[in-house]
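To keep things clear, I will list the structure first and then write my remarks on it.
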Amino acid sequence: MFARLRPGRTSVSDIQNDLNTIGAASEAPTDTFPIGDNDNTSPIFVCQYCQKAYKSDRGLALHQRAKHEEFYHASNVPKARKKARWDDEELVLLAREEIRLTSLKIKNINAELIKVLPHRTLESIKGVSDPGRSWRADDQSLHLDHDSWIAKVRNEIVDFEFLAGLDVGLIKPDCLSEEDKEFINLDFNRWVESITAHNCAEVVPPGPKRRGRVGTRVAKAPGNVSHGVRQEGESTTATSVEIVPPNARSNKRKKRKRPNSSWGRRAAYKRTQDLFRKNKSRCAQDILSGSWERPRRGLPLEDQEPYWRGIFEQESVEDLRTPEPVGPVLWEMIDPISSAELETIMKAMKPGAPGPDGMVLSRLKHLNCEELRARFNLWLLAGYSPTSCCMGETVLLPKDQNDIRPPKHRPITMANIIVRCYHKLMARRMGDLMPISDRQKAFRAGDGLGENVFLLRAIIKHHTKGCLPLNVVFLDISKAFDSVSHQSILIAAKRMGVPPPLLSYLHEFYSRSQTRLRVGGKKSEPISVKRGVKQGDPMSVHLFNAVIDWALSTLDPDLGIKFNGVNLNHLAFADDIGLLTKTSVGAQNQIDRLNDHLNRCGLFISAGSTGKSASLRIDVDGKRKLWVVNPNVHLHVAGEDIPAKSIGETYEYLGVPLSAKGTIPQSANKLQKYLDNLSRAPLKPQQRLYILKRHVIPALYHQLVLSDCSKGLLKFLDVKIRGAVKRWLKLPKDTNDFFIHAPVIEGGLGVAVLKNAIPLMRKSRLEKLLGSSDPAVAAVAGTSFVADMLRSDSVPLQVAGIPICNKENLKRALAYGLHRSVDGSGLNKCSQVSIANKWVDSPTHLMSGANYIGAIKVRGNLMATAARMARGRPQRDVACDACGRTESLGHILQVCPRTSGARIDRHNSVLARTVKVLVKNHWSVLVEPAIPTPAGIRRPDIVAWKGGSTCYVIDVTVVADNADLDRAHQLKIEHYDTQHVRDWALRVSGTASITFSSISFNWRGALAGPSYELLKNSLALGEYEIALLATIVMEKGYQTWLDFKRSTFRQRWRNG
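Take the sequence shown: its position 796, counted from the start at 1, is 796 in full-length UniProt numbering, and no numbers get skipped.
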């Protein structure tokens, strides 16, 4: 039941094909015919060599293998495969020949390699080759003008052997000699060659095999064969490769004809399930957007490349301005990098896709930290990095799944992992030192998004309440990250105090920047990037902030509003800018100033009917003490009108719909759309629950927390969510709400309750405003707007009669409400071992959808029984029709004679799985041995020992949900812990250390704490295996209930 199948192979025919492929099924000719006259009876299988008959083809195959070996093996010779696995010897030959050809500088090595392995195709050889990387650097001039800093950096790098050929002391402050630059470039190649030759086998962890795919691992070549790094023009690497063999059969399936009209539904189901296994987040996006109904499609590289090549290769706008510096030069930004700082950065890095070098984070962390630090310090001193470090790979992420046009994609560029590490380090220094204005909230520490939203809401509320005029202009910059001029980036960085060596590095990095588009597994030719910052590069966000900060500094400080004593004329979050003025004329003036500056930086404001810019104008009639929203267009930019919002229209500012009336949440429609798409999608119920908890509900938090939402709206959303959960899991209508909302570890389903969670989240966000260092935010925190919101959110919430003040209290209250209910009283033991509840929260493929629903209903005591159906109906009979006792779920699963066989099967399934894992871990195991004692035969389920260590005598039990699990565990110990059993265990295991224990579950899936300690610490079972035992208990509990309903067994009683 818990066998693992390949993804997409679920039918009987598919599994049989798999067995045939690996030779498990015999292909010997047999005669098969049915028994009797009825064609529906089971067939028999006759051996053609001796005419013996067998009931199954497996029995016939075993017979032929034992009695007719020659014929059996001759008839089962495997057929030649088109895509056979690579043998180790083939890989050794391939690696040696590749090294030899590389040393001879032979071009088109793959064509030569096919001569060594003529039975292989050119495509298969290309599939296992691992092209090397070229590391070169162009000659560049350096401008270093800080003698003390140069000396400080030199001291950090002179002691390393890989710089022995470079006289660092002769480096001039203004430039390097040609020999020095050439040596640095060659030395970098040698360093990469060194880590490739000596570290690759250690740093590539032996991960799980990829199914149906050939994987490569770079390994150290044997002997004294030297490794070389591939130079430009060569097509393979000089390192040997160890090939991870593919699975036994090919993953390629034959195309099937459409048998009937349900083919489309099955194809959609398979496509969705495959995507869910590979990438749950991406699958959730497709499901919620409704794009799962059609195959994911995208423009091929041939259609994408012309557009993006035109974007990237367009020359930057020339910018020769020389602004006044904001402050002094920040020489501490390029202080020598310390080991502690580098280690902190490497720990903070998260795994991601490899760049052009193919190196992943785990491999980077195995490099010599001191050498890497010295390398980075040399880059600081020289002011440039090798040219190969300027190459990136760009992937195109769709902004809208339903729109595949090139402009509707976001280009994300990935650099080499070493460059990413260096840039992340420098980005942290930039973020700490650059004097960016407090008005720019993007890519900075703190709750900048929440601060801007609350600030704008408070401003609008203040002006409408006080009948004050206000003009808010929302401006959006078109293709801001891709269009900004490289010259403007350097000027803005210099204005912020970036020191000359780092400016030189940035100049060389961007002037030599190239990328390749990667679309659908194909890569384009190199594209020169002549403008824009690299999205995905850690430094890009700070450089872009510097450009926008420079642009915003040109706004007239005398134009704007005064809010609680603070002058404000704009808000900014990256390229989302909001201008604040009192008059329309002032707003137009600020727009013209900003637009003029942005145009000189290569940036343009999007306006008109297709743009995202808009305005909100509040006019005031002083005599009538009346404010109105003027819907007439009154602003323009670059000849295009900026649309004006009316009183009934909203503008989505940073994800929150804003209007003059405040925020108008649209969460109800959004939630309904998501729930409809989830219900229609071809998903299993546990997958629907997973997406609901991980994606749907969190997607509502942002708007609900930052907007005005009533308690009635939150209750309405909770009702919608509970209704969907009950439909998906087929729960009865009287299911306790606490069962749905209580934490999984406490026995519930863990679905968030919005009416309690949102006020707590909003209160936490508002409290952060009180401690903000931004004067404008501090001014907002002192207004009645924030005070009123805090007052409403500070009203004590009560759940199950318990006051709620934080998230932990909320979880405890939900658990208390569940455990005091009739159906949830037996779940109070679930928190003893949290891992036993993992199956509830995980979209595992070990359980079918029907079994998962059944297990959830067993866990919540929600099965249809006579006792449950009689609630509120006192006249209804509650007696069990099998034994006459009260028919409750506990009675069915634990004591009813009708389900005796099913209970034994539940016990044996837990026992069999435990024994299987122990045997796999090299334990010596005896199963249910008969141990004679004066009190009778004792039969513990498991007697296990390993070597001369402790011998464990273990019994498996599943008890009632109202039983004390620790007491049940102790009773098992007392039952078997006798001197006769100890003497017997000593004779069998040879060790005097005997430990008695049990694996004690209750029928709700809760595991005793001592049993967990035994499985985890003593028997060394993994958490996955422990969770699987709980899954077996619950699944078998559901099967027991099914057996009870399907059976007609009745116990007979004697009269008198």
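By construction, the Cβ of each residue, glycine as well, lies at the ideal position given by its N, Cα and C atoms. Remember, predicted model here, so these are calculated numbers, not experimental data.
Exposure of residue i, with buried meaning 16 or more beta-carbon neighbours within 10 Å
i, result
"LYS494", "buried"
"SER528", "exposed"
"VAL858", "buried"
"ASP788", "exposed"
"VAL943", "buried"
"VAL484", "buried"
"LEU889", "buried"
"GLN979", "exposed"
"SER949", "exposed"
"GLY578", "buried"
"ALA445", "exposed"
"ARG263", "A small correction: the amino acid at residue 263 is Trp; Arg does not occupy that position in the sequence shown. So TRP263 counts as exposed."
"THR610", "exposed"
"HIS143", "Residue placement at HIS143 is poorly supported in this model, since its pLDDT is 40, which falls under 50; the coordinates are not used for a value here."
"TRP1041", "buried"
"ASN828", "buried"
"ARG1046", "exposed"
"GLY327", "exposed"
Residue i: first and last residue of the uninterrupted beta strand (DSSP E) it sits in
i, result
"ARG516", "514-519"
"ASP641", "640-642"
"ASP576", "576-581"
"HIS636", "635-637"
"ALA614", "614-621"
"VAL629", "626-629"
"PHE573", "570-573"
"VAL46", "43-47"
When the options are compared against residue i, the one with the closest alpha-carbon
i, options, result
"ALA724", "LEU675, THR413, LYS465", "LEU675"
"GLN304", "VAL395, PRO323, LEU381", "VAL395"
"LEU1029", "VAL925, CYS951, VAL915", "VAL915"
"TRP901", "LYS1036, GLY264, TYR976", "Sequence inspection shows Gly at residue 901; the Trp mentioned does not correspond to that position. Considering only alpha carbons, the answer is LYS1036."
"MET539", "LEU862, TYR422, SER513, VAL958", "TYR422"
"ASP274", "ASN809, SER584, HIS845, VAL498", "HIS845"
"LEU658", "ASP621, HIS636, LEU706, LEU372", "LEU706"
"VAL822", "VAL46, ASN861, ARG309, GLY801", "ASN861"
"ASP737", "ILE745, LEU749, LYS730", "LEU749"
"GLY849", "GLN687, ASP718, GLY310", "GLN687"
"VAL472", "GLY497, LEU559, ARG903", "LEU559"
"ASP432", "GLY383, SER338, LEU330", "LEU330"
"LEU770", "ILE345, LEU760, TYR72, GLY782", "GLY782"
"ASN677", "ALA1020, LEU101, ASP286, SER124", "ASP286"
"ARG531", "PRO501, LYS479, ASN567", "LYS479"
"ARG939", "PRO411, HIS462, ASP977, LEU918", "ASP977"
Limits of the unbroken alpha helix (DSSP H) element including residue i
i, result
"SER281", "280-289"
"GLN304", "301-313"
"HIS542", "540-552"
"ALA778", "775-781"
"PHE738", "737-741"
"GLU652", "Careful: GLU652 lies outside any alpha helix (DSSP H), inside the beta strand (DSSP E) at 651-653."
For residue j and residue i, believed in contact at Cβ under 8 Å, the rounded distance
i, j, result
"LYS972", "SER1018", "That pair is no contact at about 15 Å."
"ALA1027", "ALA836", "7 Å"
"ASN545", "PHE443", "6 Å"
"LEU299", "ILE404", "5 Å"
"PRO469", "LYS645", "16 Å between Cβ atoms; not a contact."
"ASP961", "GLY826", "3 Å"
"VAL620", "TRP627", "5 Å"
"residue 1059", "THR515", "Outside the shown range of the chain (1 to 1056) lies residue 1059, about which nothing can therefore be said."
Notebook entry, point to check: Of all the alpha helix (DSSP H) runs that stay within the bounds of the segment 438-489, which reach a length of 4 or more residues?
Noted result: 448-465, 480-483
Note to self: Please give me, in chain order, every unbroken run of the beta strand (DSSP E) with length at least 3 that falls completely inside the segment 914-995.
What the structure shows: 924-927, 931-933, 936-938, 942-945, 951-959
Next item on the list: Just list the beta strand (DSSP E) runs in the segment 391-421, keeping only unbroken ones of 3 residues or longer that don't cross its boundaries, in chain order.
Entry: 391-398, 409-414
Item checked: Any alpha helix (DSSP H) of 4 or more consecutive residues that is wholly inside the segment 676-745 -> 685-691, 697-706, 711-729, 737-741
Note to self: To test your reading of the DSSP string, which unbroken alpha helix (DSSP H) runs of 4 or more residues are found completely within the segment 817-870?
What the structure shows: 838-841, 849-859, 866-869
Check: What are the complete alpha helix (DSSP H) segments, minimum 4 residues, inside the segment 334-362?
Finding: 339-348
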